[in-house]
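A short worksheet on the structure shown next.
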Amino acid sequence: MRALEDAVLDPAAKPSPEVLRSVRALGTASPLRARLEDGAEVLSGEEPVVDLGLITDLSTFDVGAVAPQYDIPVEMQPQVAQYIQFFQGPGRKWFRKWMSRSTRYIPLMTPLLERGGLPRDTVYLAMIESGFSPGATSWARAAGPWQFIATTGRRFGLRQDFWVDERRDPLKATVAAGRYLNELHGALGHWYLAWAGYNAGGEKLRRMVERRGTRDFWAISDGKGLAKETKHYVPKLIACALVAKHPRAFGFSEDEFDFQQPLEFDEVPVVEPTDLDVLARAAGTTTERIHDLNPELRRWCTPPASAARPYLVKVPSGTKDTVVAALARIPASERLTYRIHHVRKGDTLSRIALQYRSAPEAILQFNRLRSAKTLRINSELAIPVPSARALAEGGHGLERQVARARAQGYVAPAPDEEVPAGTRTGRARALAQGTVKSEVVDGKTRVQYGVQSGDSLWTIAQRFNVSVEQIQTWNNLGKKARKGLQVGTVLTVWPGPAAGPIEVTPAAVLAKADVSATVVQPAKTTAAAPAPAGKPGIHQVAEGETLWSVAQQYGVSVDDLKRWNRIRHARSLRPGLSLRVGGPPD
Numbered sequence: 108m109r110a111l112e113d114a115v116l117d118p119a120a121k122p123s124p125e126v127l128r129s130v131r132a133l134g135t136a137s138p139l140r141a142r143l144e145d146g147a148e149v150l151s152g153e154e155p156v157v158d159l160g161l162i163t164d165l166s167t168f169d170v171g172a173v174a175p176q177y178d179i180p181v182e183m184q185p186q187v188a189q190y191i192q193f194f195q196g197p198g199r200k201w202f203r204k205w206m207s208r209s210t211r212y213i214p215l216m217t218p219l220l221e222r223g224g225l226p227r228d229t230v231y232l233a234m235i236e237s238g239f240s241p242g243a244t245s246w247a248r249a250a251g252p253w254q255f256i257a258t259t260g261r262r263f264g265l266r267q268d269f270w271v272d273e274r275r276d277p278l279k280a281t282v283a284a285g286r287y288l289n290e291l292h293g294a295l296g297h298w299y300l301a302w303a304g305y306n307a308g309g310e311k312l313r314r315m316v317e318r319r320g321t322r323d324f325w326a327i328s329d330g331k332g333l334a335k336e337t338k339h340y341v342p343k344l345i346a347c348a349l350v351a352k353h354p355r356a357f358g359f360s361e362d363e364f365d366f367q368q369p370l371e372f373d374e375v376p377v378v379e380p381t382d383l384d385v386l387a388r389a390a391g392t393t394t395e396r397i398h399d400l401n402p403e404l405r406r407w408c409t410p411p412a413s414a415a416r417p418y419l420v421k422v423p424s425g426t427k428d429t430v431v432a433a434l435a436r437i438p439a440s441e442r443l444t445y446r447i448h449h450v451r452k453g454d455t456l457s458r459i460a461l462q463y464r465s466a467p468e469a470i471l472q473f474n475r476l477r478s479a480k481t482l483r484i485n486s487e488l489a490i491p492v493p494s495a496r497a498l499a500e501g502g503h504g505l506e507r508q509v510a511r512a513r514a515q516g517y518v519a520p521a522p523d524e525e526v527p528a529g530t531r532t533g534r535a536r537a538l539a540q541g542t543v544k545s546e547v548v549d550g551k552t553r554v555q556y557g558v559q560s561g562d563s564l565w566t567i568a569q570r571f572n573v574s575v576e577q578i579q580t581w582n583n584l585g586k587k588a589r590k591g592l593q594v595g596t597v598l599t600v601w602p603g604p605a606a607g608p609i610e611v612t613p614a615a616v617l618a619k620a621d622v623s624a625t626v627v628q629p630a631k632t633t634a635a636a637p638a639p640a641g642k643p644g645i646h647q648v649a650e651g652e653t654l655w656s657v658a659q660q661y662g663v664s665v666d667d668l669k670r671w672n673r674i675r676h677a678r679s680l681r682p683g684l685s686l687r688v689g690g691p692p693d
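Here my numbering is used: position 183 in the sequence shown is 290, and no number is missing along the way.
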């Protein structure tokens, strides 16, 4: 929308001389304007609504007729007229959305502003900042209905961490915005300057006031020093306030708006991290509805809290007692707890899930990641895990969580599609897997082999009829490499005399992978000793385990496990199932 504003609201494009003279006369002729400009008083209280009729000519619009209905200073300047025309024309679809959403948040925000000592109509600042959208995020990473940047949000008490971002909480952000605007108004002496300072920064406006020797926003705006966005900010807010209170007078019909119901809710104190799906079932509503009431939550659960300071989660109005009673009845076997994992080099989603006895789909859902073929180093993940009591009671909370995640469209990538965190860009585009190069050197065959999902040094040694120690020597691997390898690591192997035929992976698999960079740091997953060939062992499947994670433990392939256990679909794996590891099936 801003690009359209810039194109339409050209500061050089002035209204006609007649309009210019009229609107300036209206503004300066108003005795209310004079009182407001010297900061002597601010109007308050509700005034009877004036029926303006349809305004067809802004040059004849008497702003003084409606000024008593506002507790902020309103006046008709050329830039205000331009913005009204913008909302009537090119910006009409945006104004419709803002108005439709305003009925949800204005009844909530205005009492908070008034309680903080601000004019109630300050609420229209949130309208031009975000269109009253808690989910709004700007190019500068400002967030929420009042568009706080991170540092300013923290300065005014808005919590921002792994679990929540209170810049998106319409209540707390409104209180914080009120404190900030009061601070700006106290320093700058006029609401127009306070609004401009909210956009450009209070210190910048303070310097402009000192340099110009005036607190007249319009005089400051006519000169140099303010960005175009800030020059437009105040007239945009005034235009919004005028049109929002009198939409019919400015050519809007009620049929154009899809007014939302006012935001109403109850607050329920919770201490343990609680799944939003559990809260939804307790309240008899949907997970989406719970999240809509709590837009500050960054995960699909409430944050950890304490009995002294529980987290107040919002639920639909009238459901508090029902939710409290329902939560008390939830058995421990259905409860999950959470761990925080800091992504390190070499991590993949499947390895992290294995480490915490969790499941990839559950991790995706709780972190709102639709896809995670690769993870960012130093990022944080919430890992849902069964509580100790849940495990003792044989609960299936994690299994239910996985089922819900899959139903919501969260699908974990296959392990052989994952790219370890920290992999270089070229390698991330296409990891080398399988035998990617075979050549004869001094009469001997040398193979460049890309590690595949399920590989271990032992399985690779068996494949090429060599020993693990030989592979370690050829590739300068330490003893820790026995614990696991990263998918895509390229190893040099000199096959033994009895090795089977070598199939070279098509060159396309290599893409821009750097086969000369042979070794990546080994993964941290510890592999169990492989079951001896011909003497099958039995593995009891634990909650959260996959065929891939079991194969990693025993140094075998997923295909081997499928063949030995006559498994056709990997997703048929269930906790408690006994898997044969090694040897032919009965």
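The C-beta atom is built at its ideal place from N, Cα and C for all residues, glycine as well.
Beta-ladder partner(s) of residue i, from DSSP
i	result
A489	I447
H297	Answer is none; H297 lacks a bridge partner.
V271	L404
P218	According to DSSP, which records beta bridges pairwise, P218 is partnered with nothing at all.
A387	Answer is none; A387 lacks a bridge partner.
A250	T244, F255
V547	T552
L598	Y556
Q579	Q579 is not bridged to any residue.
Q647	S685
Local conformation of residue i per DSSP, three classes
i	result
Q184	coil
S685	strand
T229	helix
K642	Residue placement at K642 is flagged as unreliable, the pLDDT there being 44, under the threshold of 50; a coordinate-derived value is accordingly withheld.
L434	helix
E374	strand
T167	helix
Q192	helix
Q593	coil
K421	strand
D667	helix
D382	strand
Q367	coil
V526	strand
T481	strand
R319	helix
H339	helix
H292	helix
G332	coil
F571	helix
Sub-8 Å separation of residue i and residue j beta-carbons
i	j	result
H339	Q186	yes
L79	F269	Outside the modelled stretch of the chain, which goes from 108 to 693, sits residue 79, for which no answer is possible.
L400	Y212	no
S465	P491	yes
E273	R266	yes
K480	P527	no
N485	V450	yes
V271	E403	yes
S457	E525	yes
R707	Y463	Because residue 707 is not part of the residues shown, which for the chain are 108 to 693, the question remains open.
G603	V573	yes
Y556	L598	yes
V600	I578	yes
Sequence-distant residues of the same chain with beta carbon closer than 7 Å to residue i, five excluded per side
i	result
L386	I397, V420, V422, V430
N306	E336, T337, Y340
A249	F255, I256
A433	A389
G529	K452, G453, I484
W302	L232, Y340, V341, L344
R313	A294, L295
Close-in-space but distant-in-sequence residues of the same chain around residue i (CB under 6 Å, 5 per side omitted)
i	result
S209	F239
Y231	L344, C347, A348
E363	R203
V699	Beyond the ends of the chain as shown, which are 108 and 693, falls residue 699; an answer cannot be given.
Cβ shell of residue i (< 8 Å), same chain only, five flanking positions each side left out
i	result
S685	I645, H646, Q647, V648
S207	F364, D365, F366, Q367
A233	Y212, M216, F239, P252, W253, T281, A284
F698	With the chain covering 108 to 693 only, the question about residue 698 has no answer from this structure.
Proximity test, residue i beta-carbon vs the ligand SAH heavy atom, cut-off 7 Å
i	result
P491	Among the components of this structure there are no ligands whatsoever, and the ligand SAH is therefore not found.
Flag this pair as touching only if the region 373-392 and the region 207-220 have three or more C-beta atom pairs under 8 Å; answer yes or no.
no
Per the contact definition of three or more C-beta pairs closer than 8 Å, is the region 318-338 in contact with the region 277-294?
no
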